[in-house]
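Working notes, structure below.
Residue numbers (our numbering): 145 to 297.
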């Protein structure tokens, strides 16, 4: 609603007040380097391992774009028989929310570039078991998509 948009544009200063001493002292840099980054690096590694195990050795081709500091994995499924948006819809029906990769390629002259429809963005910032369960469901759906495509051909 309009009120929500206004509130989000004019956020309170409480968070800034809490962070100010950390910024002034430089302590925020060491907290980031020594606490926050290692924490999320370990979460990322656990998520990649969970997805690798869920996909198994004999499944379709898939890749994880090199994670470089965000709290997301980019999963790429070359030649995916459906679009990443269709995969998103199937996953949503199973209670797993991801972001279809096509949203991240605005304004490219190559609107028909297949890669934009083969990727998903997945967060790993939630509880590790919840993330692993979601990744298992993603793996199940991707395998099901390929099995359906194989039956049709």
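Just so you know, even glycine gets a beta-carbon here, dropped at the ideal spot from N, CA and C. Remember, it's a predicted structure, so these values are computed and weren't measured experimentally.
query = For the alpha helix (DSSP H) that residue 231 lies in, which residues bound it at each end?
reply = In the chain shown, counting from the first residue as 1, residue 231 sits at position 87. First-last of the alpha helix (DSSP H) with residue 231: 228-237.
message = Could you check whether residue 281 and residue 240 sit closer than 7 Å to each other, using their CB atoms as the reference points?
response = Counting from 1 along the chain shown, the entry for residue 240 is found at position 96. Counting from 1 along the chain shown, the entry for residue 281 is found at position 137. Cβ atoms of residue 240 and residue 281: closer than 7 Å.
ask   = Looking at the unbroken beta strand (DSSP E) that takes in residue 265, where does it start and where does it end?
value = Locating residue 265 in the chain shown gives position 121, counting from the first residue. 263-267 is the span of the beta strand (DSSP E), which, as asked, contains residue 265.
inquiry  = Looking at residue 272: is its Cβ nearer than 7 Å to the Cβ of residue 190?
reply    = Here residue 272 is taken as the residue at index 128 of the chain shown, counted from 1. Here residue 190 is taken as the residue at index 46 of the chain shown, counted from 1. Yes, they are a contact pair.
key: Buried/exposed call for residue 212, threshold 16 Cβ in 10 Å   = Residue mapping note: residue 212 aligns to position 68 of the chain shown, counting from 1. Classification for residue 212: exposed.
ask   = So, is residue 179 buried or exposed, given that buried needs 16 or more other C-beta atoms within 10 angstroms?
value = Residue mapping note: residue 179 aligns to position 35 of the chain shown, counting from 1. With fewer than 16 other Cβ atoms within 10 Å, it is exposed.
inquiry  = Do residue 263 and residue 218 have their beta-carbon atoms positioned less than 7 Å apart in this structure?
reply    = The residue you call residue 218 lines up with position 74 of the chain shown. The residue you call residue 263 lines up with position 119 of the chain shown. Result yes, Cβ atoms of residue 218 and residue 263 sit closer than 7 Å.
Straight-line gap, residue 286 to residue 215 (C-alpha atoms, nearest Å) = As a position in the chain shown, residue 286 is number 142, starting the count at 1. As a position in the chain shown, residue 215 is number 71, starting the count at 1. Cα to Cα, the separation comes out at about 22 Å.
task = Return the chain-ordered list of same chain residues with a C-beta closer than 8 Å to the C-beta of residue 225, the five sequence neighbours on each side being excluded.
result = What you label residue 225 is simply residue 81 of the chain shown in a count that begins at 1. Counting only Cβ-Cβ distances below 8 Å, and skipping sequence neighbours, we find 289, 290, 292, 293.
C-alpha distance - residue 283 paired with residue 246, whole-angstrom precision = Locating residue 283 in the chain shown gives position 139, where the first residue counts as 1. Locating residue 246 in the chain shown gives position 102, where the first residue counts as 1. So the alpha carbons of these two residues sit roughly 19 Å apart.
For residue 221, three-class secondary structure by DSSP = Position 77 of the chain shown, counted from the start, is the residue given in the question as residue 221. The answer is coil: DSSP assigns residue 221 none of H, G, I, E or B.
key: Contained alpha helix (DSSP H) runs [length at least 4] in the segment 153-201, N- to C-terminal order   = 158-169, 171-175, 181-199
task = Could you name the residues that DSSP lists as bridge partners for residue 286?
result = Reading the chain shown from its first residue, position 142 is the one you call residue 286. Under DSSP, no beta-bridge partner is assigned to residue 286.
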